[in-house]
Every structure is written in structure tokens, then in C-alpha cells.
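Undergrad: Oh and the sequence shown: position 172 is 261 in the numbering used here, straight run, nothing missing.
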Amino acid sequence: MTHEEKLIIALDLPKNQVASFIGKIPKGPIFKIGMRLFTSSGPEVVRNVLEKGHKVFLDMKFMDIPNTVAEASESAFELGVTMFNVHVLGGPTMIKNARAKLDEISQKTGKKPPILLGVTVLTSMDEAEMSQIGLPGKPAEMVTRLTELALKNGCDGVVCSAQEVATLRKYFGEEFIAVTPGIRREEDATGDQKRVATPSSAIGDGATCIVVGRPILSAADPATETAEFIKEIQNAKRNI
Ligand code: C5P
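(1) On the DSSP letters alone, give me the boundaries of the beta strand (DSSP E) that Ile204 sits inside.
(2) Regarding Asp215 and the ligand C5P, is the C-beta to nearest heavy atom distance less than 6 Å?
(3) Any heavy atom of the ligand SAM within a distance shorter than 6 Å of the CB on Ala99?
(4) Could you tell me the distance, in whole angstroms, from the CA atom of Arg136 to the CA atom of Ser109?
(5) Measuring straight from C-alpha to C-alpha, what distance separates Ala187 and Glu264?
(6) I'd like to know whether the C-beta atoms of Pro228 and Val210 end up nearer to each other than 7 Å.
(7) From this set, Val248, Leu306, Leu178 and Gln323, which residue's C-alpha is nearest Gly223's C-alpha?
(8) When the Cα of Gly142 is compared with those of Gly169, Ala159, Ile154 and Lys283, which residue comes out closest?
(9) Using CA atoms only, rank isn't needed, just tell me which of Lys113, Val107 and Leu191 is closest to Arg125.
(10) Note down, in chain order, each residue of its chain lying with its Cβ closer than 6 Å to the Cβ of Asp101, except the 5 sequence neighbours on either side.
(11) Under the assumption that Cys298 contacts Lys95 (Cβ atoms under 8 Å), give the Cβ distance between them as a whole number of angstroms.
(12) Would you call the CB atoms of Phe146 and Met172 closer than 7 Å?
(13) Determine which residues share a DSSP beta bridge with Ile272 and list them.
(14) Out of Val232, Pro203, Gln323 and Leu205, which has the shortest C-alpha to C-alpha gap to Glu216?
(15) Grab the span of the beta strand (DSSP E) containing Phe318 for me, first residue to last.
(16) Give the straight-line distance between the Cα atoms of Ser213 and Ile272, rounded to the nearest whole angstrom.
(17) Please name the residue in Gly112, Asp148, Pro118 and Lys113 whose C-alpha comes closest to that of Thr128.
(18) Does any C-beta atom of chain D lie closer than 7 Å to the C-beta of Gln196?
(19) Ordered along the chain, which non-local residues of its own chain (more than five positions away) have a Cβ less than 8 Å from that of Val254?
(20) Report the rounded CA-to-CA distance for Gln323 versus Val208, giving the unit in angstroms.
(21) What does DSSP give as the partner residue(s) for Leu96 in the beta ladder?
(22) Could you tell me which residues DSSP pairs with Asn174 in its beta bridges?
(23) Please report how far the alpha carbon of Asp281 lies from the alpha carbon of Ala325, in whole angstroms.
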């Protein structure tokens, strides 16, 4: 993965602002398209971004019966995205079937499959909310447990907070992909993110890719801001 691809820019924009925004960003970073933009614009917006030579992380957090998620994974592969995700809470069979479908298409077509990521516990959930849905223990313990489940059943990596990534690296080694949102440079406003990390500390603790939205989306000069993030990624050193 290049230093540029380690930066994932969250395209959290209304439909009519997407084309002009991506026109300002040099090729290299991956664009994250989530359920808001996908619901308003459909796969067309993904195709438009891909046609301009950019890569896409489809952040739809699939969770359904295994057959449906396997078919949605096939659609993501056909669309040509670089990565997409599923909820680990959908269970081991769901993840296994998604993995099997991606591998089957890859063998048939000779194409590299998209990176399959697992979403563990949403960072918006605390211990009280977890217990209301029957999940015991602390969020951090559940994140570790669900990461193990994700990796055992065929995910290439997980989406996790920068606060969790060092622990996950310690338990599960260097091979898996860790994507961390909630990233700000020292000089950025934090917005509604409560626990933020800088690109250097996230990469230092073991993140593979960082997700950045508003600091780049609302920058006066998004291209320069993008270059600053890439520079910081490039200069980051692993702590361990
Ligand atoms: O604007 P900002 O940099 O805070 O955007 C972060 C992006 O990462 C948003 O698209 C947000 O939905 C996503 N995200 C997050 N925290 C998570 C998972 C995803 O901020 N735990």
C-alpha cells in the first residue's frame, strides 16, 4: 500500500458537491463512500469516482443473512471498489460466506478481490448501550473478541479506533489491515469526534490506513491539506 493510499478521505458531502471536490484532489488517496451518499446517488457515484482514476472504500457495513451479504459482496467486487466492510456482529457464517464469494469470483476472473473489513463495536456505543443489546463487558474487550472472530473467518482487517489499534496489533500481529477514523492533525478542529488521534500517533500505534473527513472536506485548499496528511503519514514511525 502506498503512503497516498493510507489516506482515506470520507466523502461525506451532498451529491451535488462530490464532482467538484474530487476534482481538486490529486490521485492517490482512497475515497470513502458511505450510506448517505450511496443512498442518495447509488452505484453511479462510485462509478464516477472510479472513472476519474480514484479508488473507493465502500462503507456500507453490510449485515444480513449470509447469502444476502455474499451477494452484496459480489456486487461490491463487480463495482470495482478497493475495500468494503461488514458488521462482525452479523456472525462467522456471514463473514465466511462473503470471503468465499470473493475468493470464488477472484479465481474465476483472475482479479484481485477487494479488501474485506470487519466493523466491530460502533464507537458511538458505550458499555450501557452494549448491555442493552445483550453484549457483556467493556467495549474494548468486545472489540478484541470481535476482531479475532473477523480475522478467523476471513476478514482482511478491521475498522477500529486509534485508541484500540495498538492492543489489536499486540494480539493479532502485523498482517491484518487496521483502518482508523477520528484523525486530526494538531492544528485541526476536533468537531464532534471525542477521542481523536493524529496521523503520526495512529500510524505509530499500528494503523494501516487513516480515515479523514471534515479537516480535508472543509479546508480552504483541500489539495494542500491532503498533501499535509500524506506527508505526516510518510514521516510516521511505528512505536513498537
Ligand atoms: O469528518 P471526520 O474526519 O470526523 O469523518 C470521519 C469519518 O469516519 C466519517 O465518515 C465517520 O462516519 C467515519 N467513522 C467514524 N468513527 C467510526 C467509524 C466511522 O468517524 N467509528
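Think of the CB as a built atom: it goes at the ideal place given N, C-alpha and C, for glycine as much as any other residue. Given the structure is predicted, the values throughout are model-derived calculations rather than measurements.
TA: Quick answer:
(1) Ile204 to Val208
(2) no
(3) This structure simply doesn't include the ligand SAM; it includes the ligand C5P instead.
(4) 15 Å
(5) 20 Å
(6) Yes. Within cutoff.
(7) Leu178
(8) Gly169
(9) Val107
(10) Gly302
(11) 5 Å
(12) yes
(13) The beta-bridge partner set that DSSP reports for Ile272 consists of Ala286.
(14) Cα-wise, what sits closest to Glu216 is Val232.
(15) Taken as a continuous stretch (DSSP letters only), Phe318 belongs to no beta strand (DSSP E), being part of the alpha helix (DSSP H) at Pro311 to Asn324.
(16) 16 Å
(17) Asp148
(18) In the displayed structure, chain D is absent; only one protein chain is listed.
(19) Cβ-Cβ distances below 8 Å link Val254 to Ala267, Thr269, Ala291, Asp294, Gly295 and Ala296 in the same chain, with the five nearest sequence neighbours on each side left out; the list follows chain order.
(20) Cα to Cα, the separation comes out at about 26 Å.
(21) Ile299
(22) Leu206
(23) Whole-angstrom Cα-Cα distance: 25 Å.
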